[in-house]
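For reference, the structure discussed in these notes is given below.
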Amino acid sequence: MHRLLTALVIIASAGAAFAAEPIEGNWKTKSGETAAIAKCGGAYCVTLKTGKYAGKRIGKMSGTGADYEGEITDPAEDKTYSGYATVSGASMKLKGCVMGVFCKSQTWTRL
């Protein structure tokens, strides 16, 4: 009975871990800071946790699975861009665009 209960707890815990979207979690940015991505309403908010702009929300993305889109803000310039993110394992490629034409990309890694 004890083994069965232990197995059920492990299975339930694994199910809870897989329920989260791949974008959720802590990420190391290109500049070395930590950004946290967490559910906020019907989207995912990106908030810097370390560095000069710690506590500042720099993005809001919507989507599921590997692909997300929304807005990304450059905190140093306080400019907001159309943003896109693709998650692949422990890395996430982000792309910010102005007028859908002029784009910059960077890759973040999961912590």
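According to the working numbering, the sequence shown is numbered sequentially starting from 37.
Glycine included, each C-beta is placed from N, C-alpha and C at the ideal position.
As the structure is a computational prediction, the values presented were derived from the model and not from experiment.
Beta-carbon spacing of residue i, residue j below 8 Å
i: G87; j: E69; result: yes
i: G95; j: E105; result: no
N- and C-terminal bounds of the beta strand (DSSP E) containing residue i
i: V123; result: 115-124
i: T86; result: Per DSSP, T86 belongs to no beta strand (DSSP E) and is neither H nor E.
i: V134; result: 127-134
i: K64; result: 61-64
Own chain partners of residue i with C-beta closer than 6 Å, once the 5 adjacent residues on each side are dropped
i: L130; result: A121, Q142
i: T83; result: A72, R93
Local Cβ density within 10 Å of residue i, reported as buried at 16 or more and exposed below that
i: G101; result: exposed
i: M128; result: buried
i: L147; result: exposed
i: V134; result: exposed
Close Cβ partners of residue i (< 8 Å) along its chain, the five nearest in sequence each way excluded
i: K66; result: Q142, T143, W144
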